[in-house]
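Chemist: The sequence shown: position 5 = 95 (the working numbering), numbered continuously.
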Amino acid sequence: MKEIIKYILIPCMVWSLTACDTPAIRSALYQTCANIALSRLKHPNSFDTTAGTEWAPPDGPTHIEIKFSAWNDYKVPIPHKIECIFQKTNHKKHPVLLSIKWNNRPIRSHELDYIREKFES
């Protein structure tokens, strides 16, 4: 019984504790989408991610969805959601930002153009 604890149980417990602290690996597109969300907030220091997903069909655009909370002017955390869609192209080095949905609503085209210029240059 002591061998089971010594050779199996203790290493499993130690490994599971260290696995809790490993940060999730995020792509550059995920970081770009998070930076876009930060740039649109009035209080960017209050940004707190609650969930984030990234999926890319083989032939389609890459979708990134980040759910987070941020303060309003009264320091009350309000839930937000941003979804960024990027398309990889052969003639450009970086993927092109196709659209952004902020709280399930598409942002205006002039705002999207401004964000494209800011983050793709």
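Even for Gly, the Cβ is constructed at its ideal location relative to N, Cα and C.
(1) Are the beta-carbon atoms belonging to residue 160 and residue 202 less than 8 Å from one another?
(2) Express the C-alpha separation of residue 190 and residue 177 in angstroms, rounding to a whole number.
(3) In the DSSP output, which residue or residues are listed as bridge partners for residue 152?
(4) I'd like to confirm the pairing. Which residues does DSSP put opposite residue 159 in its beta bridges?
(5) Can you say whether residue 120 is buried or exposed, counting buried as having 16 or more other CB atoms within 10 angstroms of its CB?
(6) Evaluate residue 168 with the Cβ neighbour count: other Cβ atoms within 10 Å of its Cβ, from every protein chain shown; 16 or more gives buried, anything less gives exposed.
(7) Which partner residues does residue 190 have in the DSSP bridge list?
(8) Would you decide whether residue 86 is buried or exposed? Buried here means 16 or more other CB atoms lie within 10 Å of its CB.
(9) Residue 153 to residue 141, Cα distance in whole Å?
(10) Using the Cβ count rule (16 or more neighbours within 10 Å means buried), how would you classify residue 127?
(11) With a 10 Å radius around its C-beta and 16 neighbouring C-beta atoms as the bar for buried, classify residue 118 as buried or exposed.
(12) Identify whether residue 195 lies in helix, strand or coil by the three-state DSSP scheme.
Modeler: This is what the structure gives:
(1) no
(2) 12 Å
(3) 176
(4) 138 and 169
(5) buried
(6) Exposed: under 16 other Cβ atoms inside 10 Å.
(7) Its beta-bridge partners are 174.
(8) Shown here, the chain extends from 91 to 211; a query on residue 86 therefore has no answer.
(9) 14 Å
(10) buried
(11) exposed
(12) It is a strand residue.
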